[in-house]
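Residue numbers (full-length UniProt numbering): 1 to 454.
Laid out in C-alpha coordinates, this is it:
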(Lines of atoms letter the chains of each structure in order from A; the text may use other names.)
(Lines give C-alpha, C1' and ligand atoms only; values in the text may rest on other atoms or scores of the structure.)
Protein backbone atom coordinates (compact mmCIF):
# COMPACT_ATOMS: atom_id res chain seq x y z
CA UNK A 1 0.00 0.00 0.00
CA UNK A 2 2.86 2.38 0.93
CA UNK A 3 4.58 1.55 -2.35
CA UNK A 4 1.41 2.35 -4.31
CA UNK A 5 0.99 5.60 -2.42
CA UNK A 6 4.58 6.57 -3.13
CA UNK A 7 4.13 5.81 -6.83
CA UNK A 8 1.02 8.01 -6.94
CA UNK A 9 2.89 10.83 -5.21
CA UNK A 10 5.72 10.55 -7.73
CA UNK A 11 3.25 10.61 -10.61
CA UNK A 12 1.59 13.76 -9.25
CA UNK A 13 4.97 15.46 -8.91
CA UNK A 14 5.93 14.37 -12.42
CA UNK A 15 2.68 15.76 -13.86
CA UNK A 16 3.21 19.03 -11.98
CA UNK A 17 6.77 19.29 -13.29
CA UNK A 18 5.64 18.58 -16.84
CA UNK A 19 2.86 21.19 -16.55
CA UNK A 20 5.37 23.76 -15.29
CA UNK A 21 7.75 22.88 -18.15
CA UNK A 22 4.93 23.12 -20.70
CA UNK A 23 3.90 26.54 -19.37
CA UNK A 24 7.51 27.74 -19.61
CA UNK A 25 7.86 26.42 -23.18
CA UNK A 26 4.61 28.09 -24.21
CA UNK A 27 5.80 31.41 -22.79
CA UNK A 28 9.15 31.05 -24.56
CA UNK A 29 7.37 30.18 -27.81
CA UNK A 30 5.08 33.20 -27.42
CA UNK A 31 8.05 35.46 -26.79
CA UNK A 32 9.85 34.16 -29.87
CA UNK A 33 6.88 34.53 -32.19
CA UNK A 34 5.13 37.73 -31.23
CA UNK A 35 4.86 40.64 -28.83
CA UNK A 36 2.37 41.70 -26.18
CA UNK A 37 0.35 44.82 -26.90
CA UNK A 38 -2.01 46.61 -24.52
CA UNK A 39 -4.33 49.45 -25.40
CA UNK A 40 -4.07 52.62 -23.35
CA UNK A 41 -6.66 55.37 -23.00
CA UNK A 42 -6.06 58.88 -21.72
CA UNK A 43 -8.21 59.48 -18.64
CA UNK A 44 -9.88 62.60 -20.08
CA UNK A 45 -11.05 60.53 -23.03
CA UNK A 46 -13.26 58.62 -20.61
CA UNK A 47 -13.98 61.43 -18.17
CA UNK A 48 -13.73 64.72 -20.11
CA UNK A 49 -14.37 67.94 -18.20
CA UNK A 50 -13.95 71.57 -19.21
CA UNK A 51 -12.10 72.55 -16.05
CA UNK A 52 -9.28 69.98 -16.12
CA UNK A 53 -7.03 72.10 -18.29
CA UNK A 54 -3.43 73.23 -18.13
CA UNK A 55 -3.71 74.64 -14.60
CA UNK A 56 -4.68 71.25 -13.22
CA UNK A 57 -1.94 69.61 -15.27
CA UNK A 58 0.73 71.82 -13.72
CA UNK A 59 -0.49 71.12 -10.20
CA UNK A 60 -0.46 67.38 -10.83
CA UNK A 61 2.95 67.53 -12.52
CA UNK A 62 4.50 69.53 -9.67
CA UNK A 63 3.29 66.97 -7.13
CA UNK A 64 4.67 64.17 -9.29
CA UNK A 65 8.02 65.96 -9.63
CA UNK A 66 8.17 66.22 -5.83
CA UNK A 67 7.65 62.45 -5.68
CA UNK A 68 10.50 61.91 -8.14
CA UNK A 69 12.79 64.12 -6.03
CA UNK A 70 11.71 62.28 -2.86
CA UNK A 71 12.45 58.89 -4.39
CA UNK A 72 15.93 60.08 -5.40
CA UNK A 73 16.73 60.89 -1.77
CA UNK A 74 15.41 57.58 -0.41
CA UNK A 75 16.38 55.12 -3.18
CA UNK A 76 19.23 52.63 -3.01
CA UNK A 77 21.42 51.91 -5.56
CA UNK A 78 7.80 38.43 -29.37
CA UNK A 79 5.49 40.31 -26.62
CA UNK A 80 2.20 41.84 -25.67
CA UNK A 81 0.39 45.07 -26.46
CA UNK A 82 -1.85 47.54 -24.61
CA UNK A 83 -3.73 50.15 -26.62
CA UNK A 84 -3.44 53.86 -25.72
CA UNK A 85 -5.85 56.64 -26.66
CA UNK A 86 -5.21 60.34 -26.24
CA UNK A 87 -7.79 62.63 -24.69
CA UNK A 88 -9.04 65.63 -26.60
CA UNK A 89 -8.46 67.93 -23.63
CA UNK A 90 -5.77 68.58 -21.06
CA UNK A 91 -6.14 66.70 -17.80
CA UNK A 92 -4.18 64.79 -15.20
CA UNK A 93 -1.11 63.07 -16.60
CA UNK A 94 -2.61 59.60 -16.67
CA UNK A 95 -3.37 56.92 -19.21
CA UNK A 96 -5.60 53.88 -18.69
CA UNK A 97 -5.14 50.30 -19.82
CA UNK A 98 -7.34 47.22 -19.52
CA UNK A 99 -5.70 44.25 -17.82
CA UNK A 100 -6.99 40.78 -16.97
CA UNK A 101 -6.10 39.36 -13.57
CA UNK A 102 -6.64 36.00 -11.86
CA UNK A 103 -8.16 32.62 -12.73
CA UNK A 104 -10.73 32.94 -14.16
CA UNK A 105 -9.42 36.22 -15.59
CA UNK A 106 -11.25 39.42 -14.62
CA UNK A 107 -10.94 42.76 -16.42
CA UNK A 108 -9.78 45.93 -14.66
CA UNK A 109 -9.10 49.48 -15.85
CA UNK A 110 -5.81 50.66 -14.36
CA UNK A 111 -3.69 53.81 -14.40
CA UNK A 112 -0.45 53.19 -16.34
CA UNK A 113 2.32 54.71 -14.22
CA UNK A 114 6.00 54.65 -15.22
CA UNK A 115 6.87 56.15 -11.84
CA UNK A 116 5.27 53.44 -9.72
CA UNK A 117 6.72 50.03 -8.88
CA UNK A 118 3.55 48.54 -7.41
CA UNK A 119 0.77 47.02 -9.51
CA UNK A 120 -2.50 46.78 -7.59
CA UNK A 121 -6.23 46.37 -8.14
CA UNK A 122 -9.33 47.14 -6.08
CA UNK A 123 -9.73 43.94 -4.13
CA UNK A 124 -11.61 42.03 -1.46
CA UNK A 125 -9.67 39.58 0.72
CA UNK A 126 -11.26 37.90 3.72
CA UNK A 127 -14.27 40.18 3.47
CA UNK A 128 -12.37 43.50 3.33
CA UNK A 129 -12.50 45.86 0.38
CA UNK A 130 -14.37 48.60 -1.49
CA UNK A 131 -17.17 47.69 -3.88
CA UNK A 132 -18.95 50.94 -4.77
CA UNK A 133 -18.94 51.90 -8.48
CA UNK A 134 -15.77 49.94 -9.24
CA UNK A 135 -14.85 46.51 -10.44
CA UNK A 136 -13.60 44.30 -7.61
CA UNK A 137 -11.05 41.52 -7.65
CA UNK A 138 -12.15 38.82 -5.21
CA UNK A 139 -8.82 37.22 -4.39
CA UNK A 140 -10.22 34.14 -2.66
CA UNK A 141 -12.26 33.27 -5.76
CA UNK A 142 -9.12 33.12 -7.96
CA UNK A 143 -7.46 29.72 -8.05
CA UNK A 144 -4.10 31.28 -9.00
CA UNK A 145 -3.88 33.87 -6.20
CA UNK A 146 -1.28 33.18 -3.53
CA UNK A 147 -0.66 35.52 -0.63
CA UNK A 148 2.78 36.49 0.68
CA UNK A 149 3.29 35.81 4.38
CA UNK A 150 4.36 38.56 6.76
CA UNK A 151 7.25 36.47 8.12
CA UNK A 152 8.85 35.87 4.73
CA UNK A 153 12.10 37.44 3.54
CA UNK A 154 10.14 38.90 0.62
CA UNK A 155 7.90 40.84 2.99
CA UNK A 156 10.44 41.89 5.58
CA UNK A 157 13.27 42.89 3.22
CA UNK A 158 12.49 42.81 -0.49
CA UNK A 159 9.22 44.77 -0.35
CA UNK A 160 10.34 47.48 2.08
CA UNK A 161 10.64 50.00 -0.79
CA UNK A 162 7.02 49.23 -1.66
CA UNK A 163 5.93 50.30 1.83
CA UNK A 164 5.45 46.85 3.33
CA UNK A 165 4.42 47.03 6.99
CA UNK A 166 6.26 45.42 9.87
CA UNK A 167 3.03 44.35 11.56
CA UNK A 168 2.88 40.53 11.83
CA UNK A 169 0.55 39.34 14.62
CA UNK A 170 0.51 35.69 13.48
CA UNK A 171 2.54 33.53 11.06
CA UNK A 172 -0.52 33.17 8.84
CA UNK A 173 -1.01 36.94 8.48
CA UNK A 174 -0.44 38.17 4.91
CA UNK A 175 2.19 40.82 4.15
CA UNK A 176 0.45 44.19 4.14
CA UNK A 177 1.33 47.58 2.66
CA UNK A 178 0.46 51.24 3.00
CA UNK A 179 1.54 52.76 -0.33
CA UNK A 180 1.66 56.56 -0.13
CA UNK A 181 1.66 59.00 -3.05
CA UNK A 182 3.04 62.52 -2.72
CA UNK A 183 -0.29 64.15 -3.64
CA UNK A 184 -1.89 62.62 -0.56
CA UNK A 185 -3.33 59.60 -2.34
CA UNK A 186 -2.82 56.26 -0.65
CA UNK A 187 -3.51 52.56 -1.13
CA UNK A 188 -3.61 49.91 1.61
CA UNK A 189 -3.89 46.16 1.23
CA UNK A 190 -1.97 42.89 1.15
CA UNK A 191 0.64 41.56 -1.27
CA UNK A 192 0.15 38.44 -3.35
CA UNK A 193 1.29 36.66 -6.49
CA UNK A 194 -1.17 36.30 -9.34
CA UNK A 195 -1.53 35.31 -12.98
CA UNK A 196 -2.13 37.98 -15.64
CA UNK A 197 -3.68 37.11 -19.01
CA UNK A 198 -2.35 39.20 -21.90
CA UNK A 199 -3.23 39.44 -25.57
CA UNK A 200 -0.50 38.91 -28.14
CA UNK A 201 -0.10 40.63 -31.48
CA UNK A 202 -0.82 37.37 -33.31
CA UNK A 203 -4.30 37.31 -31.78
CA UNK A 204 -3.55 34.62 -29.22
CA UNK A 205 -3.31 35.03 -25.47
CA UNK A 206 -0.60 34.16 -22.95
CA UNK A 207 -0.61 33.81 -19.19
CA UNK A 208 2.02 35.47 -17.00
CA UNK A 209 2.11 33.61 -13.66
CA UNK A 210 3.74 34.86 -10.47
CA UNK A 211 3.24 38.61 -10.99
CA UNK A 212 3.46 40.61 -7.75
CA UNK A 213 0.10 42.29 -7.22
CA UNK A 214 -1.36 44.39 -4.47
CA UNK A 215 -4.81 43.40 -3.26
CA UNK A 216 -5.92 46.89 -2.25
CA UNK A 217 -8.88 46.98 0.12
CA UNK A 218 -8.72 50.71 0.87
CA UNK A 219 -7.56 53.69 -1.16
CA UNK A 220 -8.14 57.43 -1.32
CA UNK A 221 -7.17 60.44 -3.43
CA UNK A 222 -7.75 61.98 -6.86
CA UNK A 223 -5.02 59.88 -8.50
CA UNK A 224 -7.41 56.95 -8.84
CA UNK A 225 -10.48 58.74 -10.20
CA UNK A 226 -12.21 56.37 -12.60
CA UNK A 227 -9.62 53.62 -12.13
CA UNK A 228 -9.71 50.14 -10.59
CA UNK A 229 -6.00 50.19 -9.77
CA UNK A 230 -2.49 50.95 -11.02
CA UNK A 231 -0.15 49.20 -13.47
CA UNK A 232 3.37 49.86 -12.13
CA UNK A 233 5.89 50.25 -14.97
CA UNK A 234 8.89 51.67 -13.11
CA UNK A 235 12.11 49.68 -13.36
CA UNK A 236 12.02 47.30 -10.39
CA UNK A 237 12.43 43.61 -9.70
CA UNK A 238 8.78 43.50 -8.69
CA UNK A 239 7.14 45.74 -11.30
CA UNK A 240 5.00 44.52 -14.18
CA UNK A 241 7.75 45.75 -16.51
CA UNK A 242 10.24 43.31 -14.99
CA UNK A 243 7.94 40.32 -15.48
CA UNK A 244 6.80 41.25 -19.01
CA UNK A 245 10.25 42.13 -20.36
CA UNK A 246 11.69 38.89 -18.95
CA UNK A 247 9.16 36.96 -21.02
CA UNK A 248 8.98 39.11 -24.15
CA UNK A 249 12.59 39.87 -24.99
CA UNK A 250 13.74 42.63 -22.65
CA UNK A 251 12.09 45.54 -24.46
CA UNK A 252 9.02 47.72 -24.19
CA UNK A 253 7.86 50.72 -26.19
CA UNK A 254 5.11 53.26 -26.52
CA UNK A 255 4.02 55.93 -28.94
CA UNK A 256 1.81 58.81 -27.77
CA UNK A 257 -0.40 60.50 -30.35
CA UNK A 258 -0.97 64.22 -30.10
CA UNK A 259 -2.76 64.92 -26.83
CA UNK A 260 -5.43 66.86 -28.73
CA UNK A 261 -6.15 63.99 -31.14
CA UNK A 262 -9.65 62.65 -31.58
CA UNK A 263 -10.52 60.26 -28.78
CA UNK A 264 -10.97 57.41 -31.27
CA UNK A 265 -7.30 57.54 -32.31
CA UNK A 266 -5.39 54.68 -30.67
CA UNK A 267 -1.79 53.96 -29.79
CA UNK A 268 -0.12 51.22 -27.79
CA UNK A 269 2.18 50.12 -25.03
CA UNK A 270 4.12 47.14 -26.38
CA UNK A 271 6.24 44.53 -24.63
CA UNK A 272 8.63 42.97 -27.13
CA UNK A 273 10.36 44.36 -30.20
CA UNK A 274 8.72 47.39 -31.80
CA UNK A 275 7.46 47.06 -35.34
CA UNK A 276 8.82 50.47 -36.50
CA UNK A 277 6.09 50.39 -39.15
CA UNK A 278 5.57 52.73 -42.08
CA UNK A 279 4.09 55.21 -39.61
CA UNK A 280 7.60 55.71 -38.22
CA UNK A 281 10.36 57.52 -40.11
CA UNK A 282 12.98 54.78 -40.18
CA UNK A 283 15.68 57.04 -41.60
CA UNK A 284 15.27 59.28 -38.55
CA UNK A 285 15.74 56.49 -35.96
CA UNK A 286 18.24 57.39 -33.23
CA UNK A 287 19.72 55.43 -30.31
CA UNK A 288 21.28 56.63 -27.07
CA UNK A 289 22.39 54.89 -23.86
CA UNK A 290 19.67 54.32 -21.27
CA UNK A 291 21.00 54.87 -17.74
CA UNK A 292 19.10 52.41 -15.55
CA UNK A 293 21.10 52.77 -12.33
CA UNK A 294 21.55 56.51 -11.81
CA UNK A 295 18.00 57.56 -10.82
CA UNK A 296 16.19 54.30 -9.98
CA UNK A 297 13.45 53.26 -10.50
CA UNK A 298 13.06 55.84 -13.30
CA UNK A 299 14.28 55.68 -16.90
CA UNK A 300 17.20 58.10 -17.11
CA UNK A 301 18.97 59.40 -20.20
CA UNK A 302 22.25 61.26 -20.54
CA UNK A 303 21.67 64.72 -22.00
CA UNK A 304 24.73 66.86 -22.66
CA UNK A 305 23.04 70.05 -23.89
CA UNK A 306 20.14 71.90 -25.52
CA UNK A 307 20.10 74.06 -28.62
CA UNK A 308 17.68 76.47 -30.28
CA UNK A 309 18.19 76.42 -34.03
CA UNK A 310 21.95 76.29 -34.61
CA UNK A 311 22.79 77.90 -31.26
CA UNK A 312 23.87 75.79 -28.28
CA UNK A 313 22.49 77.25 -25.06
CA UNK A 314 24.84 78.19 -22.24
CA UNK A 315 23.84 75.68 -19.57
CA UNK A 316 26.22 74.44 -16.84
CA UNK A 317 27.09 70.75 -17.25
CA UNK A 318 26.15 69.97 -13.62
CA UNK A 319 22.51 70.45 -14.67
CA UNK A 320 22.78 67.15 -16.55
CA UNK A 321 24.93 65.36 -13.96
CA UNK A 322 22.89 62.93 -11.86
CA UNK A 323 25.70 62.64 -9.32
CA UNK A 324 25.28 66.35 -8.52
CA UNK A 325 21.51 66.28 -8.10
CA UNK A 326 20.73 66.83 -11.77
CA UNK A 327 20.17 64.29 -14.53
CA UNK A 328 17.19 63.63 -16.80
CA UNK A 329 14.40 61.08 -16.98
CA UNK A 330 11.68 60.30 -19.51
CA UNK A 331 8.29 60.01 -17.82
CA UNK A 332 5.05 59.21 -19.60
CA UNK A 333 3.13 60.15 -16.43
CA UNK A 334 4.24 63.80 -16.40
CA UNK A 335 2.67 66.08 -18.99
CA UNK A 336 4.89 69.18 -19.11
CA UNK A 337 8.70 69.24 -19.22
CA UNK A 338 10.65 70.15 -16.09
CA UNK A 339 14.09 71.74 -16.42
CA UNK A 340 16.55 72.69 -13.70
CA UNK A 341 16.52 76.44 -13.19
CA UNK A 342 19.61 77.26 -15.29
CA UNK A 343 18.30 75.24 -18.25
CA UNK A 344 14.75 76.56 -17.79
CA UNK A 345 15.87 80.20 -17.92
CA UNK A 346 18.07 79.60 -20.96
CA UNK A 347 15.29 77.89 -22.92
CA UNK A 348 12.39 80.24 -22.12
CA UNK A 349 14.45 83.40 -22.60
CA UNK A 350 15.72 82.07 -25.93
CA UNK A 351 12.22 81.20 -27.15
CA UNK A 352 10.71 84.42 -25.84
CA UNK A 353 12.82 86.44 -28.27
CA UNK A 354 10.85 84.88 -31.12
CA UNK A 355 7.53 85.79 -29.49
CA UNK A 356 8.13 89.53 -29.01
CA UNK A 357 5.29 90.38 -31.39
CA UNK A 358 2.74 88.67 -29.15
CA UNK A 359 1.16 90.14 -26.06
CA UNK A 360 2.25 88.34 -22.92
CA UNK A 361 -0.73 87.39 -20.74
CA UNK A 362 -1.32 85.82 -17.35
CA UNK A 363 -4.53 83.74 -17.48
CA UNK A 364 -6.31 83.72 -14.14
CA UNK A 365 -5.49 80.72 -12.02
CA UNK A 366 -2.83 79.46 -14.43
CA UNK A 367 0.46 78.82 -12.60
CA UNK A 368 2.71 79.03 -15.66
CA UNK A 369 5.11 81.85 -16.40
CA UNK A 370 5.23 82.41 -20.15
CA UNK A 371 1.85 82.64 -21.93
CA UNK A 372 0.91 84.67 -25.00
CA UNK A 373 -2.23 85.99 -26.70
CA UNK A 374 -2.41 84.32 -30.13
CA UNK A 375 -5.92 85.44 -31.13
CA UNK A 376 -4.45 87.47 -34.01
CA UNK A 377 -2.69 84.35 -35.24
CA UNK A 378 0.85 83.03 -34.96
CA UNK A 379 2.95 80.92 -37.28
CA UNK A 380 4.70 78.32 -35.12
CA UNK A 381 7.23 77.63 -37.85
CA UNK A 382 8.87 80.94 -36.85
CA UNK A 383 10.01 79.29 -33.63
CA UNK A 384 13.52 77.82 -33.73
CA UNK A 385 13.88 74.05 -33.48
CA UNK A 386 14.49 72.95 -29.91
CA UNK A 387 16.95 70.03 -29.80
CA UNK A 388 17.94 67.74 -26.94
CA UNK A 389 21.51 66.52 -27.45
CA UNK A 390 22.17 63.05 -26.01
CA UNK A 391 25.42 61.35 -25.14
CA UNK A 392 26.70 59.48 -28.18
CA UNK A 393 25.49 62.09 -30.70
CA UNK A 394 21.74 61.28 -30.88
CA UNK A 395 19.41 64.27 -31.16
CA UNK A 396 15.77 64.55 -30.19
CA UNK A 397 13.88 67.28 -32.07
CA UNK A 398 10.35 67.57 -30.65
CA UNK A 399 7.55 69.10 -32.67
CA UNK A 400 7.07 72.83 -32.09
CA UNK A 401 3.51 72.28 -30.86
CA UNK A 402 5.05 70.16 -28.09
CA UNK A 403 6.81 73.12 -26.49
CA UNK A 404 4.45 75.97 -27.43
CA UNK A 405 1.21 74.43 -26.26
CA UNK A 406 -2.45 75.43 -26.27
CA UNK A 407 -3.49 76.46 -22.76
CA UNK A 408 -6.87 78.06 -23.50
CA UNK A 409 -8.76 79.55 -26.41
CA UNK A 410 -6.41 82.07 -28.05
CA UNK A 411 -3.65 81.45 -25.50
CA UNK A 412 -0.42 79.51 -25.98
CA UNK A 413 2.20 78.86 -23.32
CA UNK A 414 5.77 77.62 -23.26
CA UNK A 415 5.38 74.08 -21.93
CA UNK A 416 8.18 74.17 -19.36
CA UNK A 417 8.27 74.29 -15.57
CA UNK A 418 11.29 75.14 -13.43
CA UNK A 419 12.56 72.17 -11.42
CA UNK A 420 14.63 74.38 -9.09
CA UNK A 421 18.35 74.12 -8.54
CA UNK A 422 19.58 71.45 -8.38
CA UNK A 423 16.66 69.55 -9.84
CA UNK A 424 15.72 66.48 -11.84
CA UNK A 425 14.96 67.26 -15.48
CA UNK A 426 11.85 65.45 -16.76
CA UNK A 427 10.91 65.09 -20.42
CA UNK A 428 7.12 64.93 -20.17
CA UNK A 429 4.63 63.17 -22.40
CA UNK A 430 3.61 66.27 -24.39
CA UNK A 431 7.24 66.74 -25.42
CA UNK A 432 7.40 63.04 -26.32
CA UNK A 433 4.25 62.96 -28.45
CA UNK A 434 4.32 61.67 -32.03
CA UNK A 435 7.57 59.79 -31.40
CA UNK A 436 8.03 56.06 -30.93
CA UNK A 437 10.15 55.30 -27.86
CA UNK A 438 11.67 51.84 -27.39
CA UNK A 439 13.32 50.99 -24.06
CA UNK A 440 15.77 48.10 -24.37
CA UNK A 441 16.34 46.98 -20.78
CA UNK A 442 18.87 44.28 -21.69
CA UNK A 443 21.06 46.49 -23.89
CA UNK A 444 20.48 49.64 -21.76
CA UNK A 445 19.53 51.55 -24.91
CA UNK A 446 16.79 53.99 -25.88
CA UNK A 447 15.74 54.08 -29.54
CA UNK A 448 13.37 56.77 -30.83
CA UNK A 449 12.00 58.11 -34.11
CA UNK A 450 9.25 60.47 -35.32
CA UNK A 451 5.97 58.63 -35.86
CA UNK A 452 2.27 59.19 -36.43
CA UNK A 453 1.70 56.42 -33.84
CA UNK A 454 -1.07 54.94 -36.00
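By construction, the Cβ of each residue, glycine as well, lies at the ideal position given by its N, Cα and C atoms.
1. For residue 204, which of helix, strand or coil comes out of DSSP?
2. With DSSP as the reference, identify every bridge partner of residue 188, one or two as the case may be.
3. Residues in its own chain within less than 6 Å of residue 118 by CB, not counting five upstream and five downstream?
4. Can you have a look at residue 454 and say buried or exposed, based on whether 16 or more other CB atoms are within 10 angstroms of its CB?
5. For residue 444, does the three-state DSSP call read helix, strand or coil?
6. Identify every run of the alpha helix (DSSP H) within the stretch 238-315, keeping only runs that are complete inside it and at least 4 residues long; order them along the chain.
7. Would residue 140 and residue 125 qualify as a contact pair, given that the criterion is a beta-carbon distance under 8 Å?
8. Please classify residue 443 as buried or exposed, where buried requires at least 16 other C-beta atoms within 10 Å of its C-beta.
9. Beta carbon of residue 216, beta carbon of residue 121: below 8 Å?
10. Would you list the one or two residues that DSSP bridges to residue 98?
11. Among the candidates 68, 36, 57, whose CA atom is the shortest distance from the CA of residue 419?
12. Taking the alpha helix (DSSP H) that residue 418 falls in, what are its first and last residues?
13. Given this structure, state the Cα-to-Cα distance separating residue 364 from residue 207, to the nearest angstrom.
14. Excluding the five sequence neighbours on either side, which residues of its own chain have a C-beta within less than 8 Å of the C-beta of residue 152, listed in chain order?
15. Give the straight-line distance between the Cα atoms of residue 414 and residue 138, rounded to the nearest whole angstrom.
16. If you follow the alpha helix (DSSP H) that residue 430 is in, where does it begin and where does it stop?
17. So for residue 68, helix, strand or coil by DSSP?
18. Run the CB neighbour count on residue 434, radius 10 Å, all protein chains shown included, and call it buried at 16 or more, exposed below.
19. So what's residue 435 in DSSP terms, helix, strand or just coil?
20. Would you identify the three-state DSSP class for residue 382, choosing helix, strand or coil?
21. Pull up the DSSP beta-bridge partners for residue 193, would you.
According to the structure data:
1. coil
2. BP columns for residue 188 point to 178, 218.
3. 162, 179, 214, 232
4. exposed
5. coil
6. 240-247
7. yes
8. It is exposed - the Cβ of residue 443 has fewer than 16 other Cβ atoms within 10 Å.
9. Less than 8 Å divides the Cβ of residue 216 from the Cβ of residue 121.
10. Answer is 109.
11. 68
12. Residue range 416-418 is occupied by the beta strand (DSSP E) that includes residue 418, with no alpha helix (DSSP H) assigned at that position.
13. Approximately 50 Å between the Cα atoms of the pair.
14. Cβ within range, chain order: 175.
15. 46 Å
16. Note, residue 430: alpha helix (DSSP H), 429-432.
17. helix
18. The residue in question, residue 434, is buried, as its Cβ has 16 or more Cβ neighbours within 10 Å.
19. strand
20. helix
21. 146, 212
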